[in-house]
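A short write-up of the structure that comes next.
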Amino acid sequence: MDKALVTKNINHDFLYKKGFCGLSNLGNTCFMNSILQCLNNTVPLLKFMFSEDLNNTLDETKDEYNFIVELKNVMNQLWEKNAVFSPNDFLKEVQSLSAQKDRCEFTGFGQNDSQEFLQFVLEMLHNGLTKEVSIEIEGSSKNKFDKLALKAYTSFKEFFEDDYSPILKLFYGQYFTYLETKTMDKYEQSYSFEPFNMISLEIPDNASNLRDCLDNFISPEIIISNEKKKIKKTVHFWSLPDIMIIFLKRYNNQLEKIDSLIDFPIDELDMSSTIKGYDADTYKYSLYAVCNHGGGLGGGHYWAYVKNTDDNWYKFNDNVVSTLSKEKVISENAYCLFYRKDNIE
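Counting in this note's numbering, the sequence shown runs from 1 upward without gaps.
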């Protein structure tokens, strides 16, 4: 039986009064709790979840309907209470929906990866809110850059015209991939665009900060190099979303954990040097949440550092919520960084 949608649309002023509710660990669910606390402080998402836009978009016939309803209920409880909340109903919907979608990693009570869980949540939110829209591309191409832009917009249209959702603007950007192919008698260039909802960055051996990891990400990579052919691949961003999520790859190819401290900006992350699309200088971000992981592969513990709407930082460790100094936000346990684009509501 479908659950009734919570139609109570709370005035957004409530975001500035509460939000200090912990979550019970239901058996290795710290990976889920930490991500829920980060999403619960993603203000643009909260405003959408408590708006008529959500009510008007939800479709009771979709598999994801109950999941979205329970996610909203969790958010409602986390902002209405200042005690501990047990997300039993939400976990049941996660397990049920993951079984339907052949995502067996979330069907039981084992420890899971927070990145994979966040990916699951974003996919289910998008899929549950999709509708067919008409996307019109206007204007003419006046130069080479405009032609690239046309290809980017056309790619976006092909991906999402039949499956558009409000989640796209919040969490989805576009990769821009440039390939150079050299043979003995020919030189070719090709471009492609691909959507993403989170950025996974490798940690190079000499990296000490996030900029090092970003520079490594956009550095050219030689895919093939021999006497007959050389292929070089370069990946940049054509556009970035309002909410930019960055995962630090804490395990190398030998599955050894990288515990090094990677410094990252809190107040301003300027992404302009990584952008190939229009208005590169507008991509400036501020940190508002961090998902942390301590321990080894397949185990350990997750917890979250979150900047509340009162502009103070807090530690959410399952059912325990405590104040946190800004200086302690950056640590060697940082795994997932949540950034919000400046000057958005």
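In this text, a Cβ means the ideal position worked out from N, Cα and C, and glycines have one as well.
Taking 8 Å as the threshold (C-beta atoms), are L78 and N40 in contact? yes
Sufficient close CB pairs (3 or more, under 8 Å) joining the stretch 266 to 281 to the stretch 86 to 102: no
Which residues bound the alpha helix (DSSP H) around M32? 30 to 40
In angstroms with no decimal places, state the Cα-to-Cα distance between K47 and V69. 15 Å
Below 8 Å between beta carbons: does that hold for L201 and L248? yes
Excluding sequence positions up to five away, which residues of its chain have a Cβ less than 8 Å from the Cβ of S190? Y178, L179, T181
Residues of its chain near D259, where Cβ-Cβ distance is below 7 Å and the 5 sequence neighbours each way are ignored: E332
Best match in F193, D205, F90, N319 for proximity to W238 [C-alpha to C-alpha]: F193
Can you tell me which of E256, D279, I245, G296 puts its alpha carbon nearest to the alpha carbon of F145? D279
Using a Cβ distance threshold of 8 Å, determine whether the stretch 140 to 154 contacts the stretch 200 to 216, with at least three qualifying pairs required. no
Classification of N253 by the beta-carbon crowding that lies within 10 angstroms, buried from 16 upward: exposed
Could you check what DSSP says for G139 in three-state terms: helix, strand or coil? coil
Give me the residue from K101, P166, D318 with the minimum Cα distance to N55. P166
To the nearest angstrom, report how far apart K101 and E52 are at their CA atoms. 28 Å
Please confirm if the stretch 222 to 234 is in contact with the stretch 157 to 175, defined as three or more CB-CB distances below 8 Å between the two stretches. no
Let me confirm a value: A289 is counted as buried when at least 16 other C-beta atoms fall within 10 Å, else exposed. Which label applies? buried
Rounded straight-line distance, which links the Cα of T234 to that of L388: This structure cannot settle anything about residue 388, because the visible part of the chain is limited to 1 through 345.
Could you tell me the distance, in whole angstroms, from the CA atom of S322 to the CA atom of N308? 12 Å
Roughly how many angstroms separate the alpha carbons of L58 and M244, rounded to a whole number? 24 Å
Would you say the beta carbon of P44 is closer than 7 Å to some non-hydrogen atom of the ligand SAM? Inclusion of the ligand SAM in the displayed structure is not the case, the ligand content being empty and no account of it being possible.
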